[in-house]
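The sequence shown begins at 159 in this note's numbering and counts up one residue at a time.
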Amino acid sequence: MRVTISRKAHFNAAHRLHRKDWTSEKNDLVFGKCNNPNFHGHNYGLTVSVTGKIDPETGFVMDVKVLADIILAEVEIPFDHKNLNLDVPEFQDLNPTAENIAVVIWNKIRKRIQPDFDLEIVLNETERNFVTYKGE
Ligand SMILES: Nc1nc2c(c(=O)[nH]1)N=C([C@H](O)[C@H](O)COP(=O)(O)OP(=O)(O)OP(=O)(O)O)CN2
Ligand SMILES: [Zn+2]
Numbered sequence: 159m160r161v162t163i164s165r166k167a168h169f170n171a172a173h174r175l176h177r178k179d180w181t182s183e184k185n186d187l188v189f190g191k192c193n194n195p196n197f198h199g200h201n202y203g204l205t206v207s208v209t210g211k212i213d214p215e216t217g218f219v220m221d222v223k224v225l226a227d228i229i230l231a232e233v234e235i236p237f238d239h240k241n242l243n244l245d246v247p248e249f250q251d252l253n254p255t256a257e258n259i260a261v262v263i264w265n266k267i268r269k270r271i272q273p274d275f276d277l278e279i280v281l282n283e284t285e286r287n288f289v290t291y292k293g294e
């Protein structure tokens, strides 16, 4: 029997959708207002879900406090109130789209979760836009 536990978190961050190897015309055409040179911000919402067997002694799949601490260390501290393009090394040469941010977050959390657990994350960039990644 496998059960899923989930933990929500959020962070506020600035970004710009832009490719350094494209002309400014092409960046404007593809990314529009998201290519604003002075950046723009989002209140990102994050839901992290871990699926695994219940430990018969604790009754936990994993302690949700442990999961919260992993999210704090791997996502909230490095990303919250940061400019993703300028402050976060993972986005120096990677466009910080919601898709790429989700994959970066998944890879960071995956390293901290037991291998026999499945991991899925949902990243909300706006109230209406969200991305799901489960490592496939
Ligand atoms: N596939 C993607 N498309 C877009 C992304 C993305 O990360 N992946 N990002 C953006 C912009 O950065 C931004 O998120 C879009 O903001 P906005 O157009 O304001 O979106 P809203 O849902 O808040 O507003 P609507 O009025 O509903 O459009 C663009 N595309
Ligand atoms: Zn944006």
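Idealized CB from N, CA, C, for every residue including glycine.
In this text, all values refer to a predicted model and were calculated from it rather than measured experimentally.
When C-alpha distances from E294 are compared across R286, A260, T284, the shortest belongs to A260. Every unbroken stretch of the beta strand (DSSP E) spanning 3 or more residues and falling wholly within the segment 163–220 is given here in chain order: 198–211.
The closest heavy atom of ligand 1 lies less than 6 Å from the beta carbon of R286.
Under the criterion of beta carbons closer than 8 Å, A171 and H198 do not qualify as touching, at roughly 10 Å. The residue from R160, N243, V280 with its alpha-carbon nearest to that of I212 is R160. Straight through space, the alpha carbons of A167 and V262 are spaced by roughly 16 Å. Collapsing the DSSP output to three states places D245 in a helix. Proximity annotation: ligand 2 has residues H173, C192, H198, H200 in chain order, each selected because its CB is closer than 6 Å to a heavy atom of the ligand. Taken through DSSP and simplified to helix, strand or coil, D227 comes out as helix.
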